[in-house]
Amino acid sequence: MTRQIPALALLVAAVATASLTACGGEQLSGPPDDGSTTSASPSATSTSSSSSSPESTGAALTIPEDWLSQTAAGWPDSDGFGAAAPVLDLRTDCLLFDAAPGLLGEESEGRGAGWGAYGSDPADQESYRYLCRYGASGRYAGEVQLLQATSADDLAETLDLFVTRPSSDVQEVTASRETVDGTTLDVLATWYPTNPQGKYEVFLPSEDQLAGVVLEVNSLSREDFDALGPEGAARALVDLVEAHSA
Numbered sequence: 033m034t035r036q037i038p039a040l041a042l043l044v045a046a047v048a049t050a051s052l053t054a055c056g057g058e059q060l061s062g063p064p065d066d067g068s069t070t071s072a073s074p075s076a077t078s079t080s081s082s083s084s085s086p087e088s089t090g091a092a093l094t095i096p097e098d099w100l101s102q103t104a105a106g107w108p109d110s111d112g113f114g115a116a117a118p119v120l121d122l123r124t125d126c127l128l129f130d131a132a133p134g135l136l137g138e139e140s141e142g143r144g145a146g147w148g149a150y151g152s153d154p155a156d157q158e159s160y161r162y163l164c165r166y167g168a169s170g171r172y173a174g175e176v177q178l179l180q181a182t183s184a185d186d187l188a189e190t191l192d193l194f195v196t197r198p199s200s201d202v203q204e205v206t207a208s209r210e211t212v213d214g215t216t217l218d219v220l221a222t223w224y225p226t227n228p229q230g231k232y233e234v235f236l237p238s239e240d241q242l243a244g245v246v247l248e249v250n251s252l253s254r255e256d257f258d259a260l261g262p263e264g265a266a267r268a269l270v271d272l273v274e275a276h277s278a
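Throughout the sequence shown, residue numbering follows this note's numbering, covering 33 to 278 in sequence.
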């Protein structure tokens, strides 16, 4: 029998194609059209490559336990449980943070949260993804995803798809590895030349927890894309996790 690629892996590999349903019947197609993050820190270092190896990042940072416990408790009773696509409630506050990540000197606003399946079985109570959207009007939009896997293989496959995403005529993808405060993360920088705007995605896996966190910031102008940089996007995720770690 053909092994199915984890649903989240497909989403991470092509976020713009995901269709997320908001409560009230509104269909959200991919990330919102305006997005954000924080400027780069001098403590961040980077090594760029066109196709990073999917080896472990050797991250020194772990995912906050309350993120895992709270999202796990809410998953079975969520509207997304058993559904083919994640279901977001635009009126719901994010369980991962009180204040959405602020970037480029802007304060972000929360734009809904919800759950979706991770893996081949949308009714698996042990594996899921939890999504929180945020943004700053006119500057950027973004999303933070918490991924809970049931096997190290699924998590590794998701990371593999992430770091090997190819460029095409409509997207220029550059992979790099950024080290911030002793934690090394994989970062994808994507520029869309036919619809000029940029996007960063940062992946923090935690093999011991069979979990990962992905921060995305999209809809960036050329100026903001260059100002933030991959190290700035990595710093934003590290700051978010560190702020909620014991």
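Here a beta-carbon is modelled for each residue, glycine too, at the ideal position from N, C-alpha and C.
Top-ranked residue by Cα proximity to residue i, from the options
| i | options | result |
| --- | --- | --- |
| S162 | D153, S169, Q177, D256 | Before going on, a small fix: residue 162 reads as Tyr here, not Ser. That would be Q177, whose Cα lies nearest to the Cα of Y162. |
| V205 | G144, D109, K231, R254 | K231 |
| D185 | A168, L122, E255, G244 | G244 |
| D258 | T222, D213, S152, W99 | T222 |
| A265 | S169, G151, L217 | L217 |
| V195 | T226, L220, A275 | L220 |
| L247 | L179, S277, D156 | L179 |
Residue i (DSSP reduced to helix, strand or coil)
| i | result |
| --- | --- |
| R165 | strand |
| S208 | strand |
| A279 | Nothing in the structure corresponds to residue 279, since the chain is present only between 33 and 278. |
| A266 | helix |
| V202 | coil |
| E141 | strand |
| A173 | strand |
| D156 | coil |
| L272 | helix |
| F113 | coil |
| A92 | coil |
| D258 | helix |
| T79 | Because T79 carries a pLDDT of 45, less than 50, the predicted location of this residue cannot be relied on, and no value is offered for it. |
| A46 | Annotation note: pLDDT 37 at A46 (below 50); position unreliable, coordinate value reported separately. DSSP places A46 in coil when its eight states are reduced to three. |
Beta strand (DSSP E) segment containing residue i, residue limits
| i | result |
| --- | --- |
| W223 | 215-224 |
| G244 | 243-252 |
| A132 | It is not in any beta strand (DSSP E) - A132 carries neither H nor E in the DSSP assignment. |
Endpoints, alpha helix (DSSP H) assigned at residue i
| i | result |
| --- | --- |
| W99 | 97-106 |
| E239 | Taken as a continuous stretch (DSSP letters only), E239 belongs to no alpha helix (DSSP H), as it is neither H nor E. |
| E189 | 184-195 |
Contact belief for residue i with residue j at Cβ below 8 Å, rounded distance in angstroms
| i | j | result |
| --- | --- | --- |
| L120 | G142 | The Cβ separation is near 11 Å, so there is no contact. |
| W107 | Y160 | 5 Å |
| E274 | L93 | 7 Å |
| L193 | P237 | Wrong, their Cβ atoms sit about 12 Å apart, outside the cutoff. |
| R171 | L136 | 6 Å |
For residue i, the residue or residues it bridges with in DSSP
| i | result |
| --- | --- |
| F235 | D218, V246 |
| G230 | W223, L252 |
| L178 | Y162, V245 |
Chain B within 8 Å of residue i, Cβ atoms only
| i | result |
| --- | --- |
| L269 | The displayed structure is made up of one protein chain only, and chain B is not part of it. |
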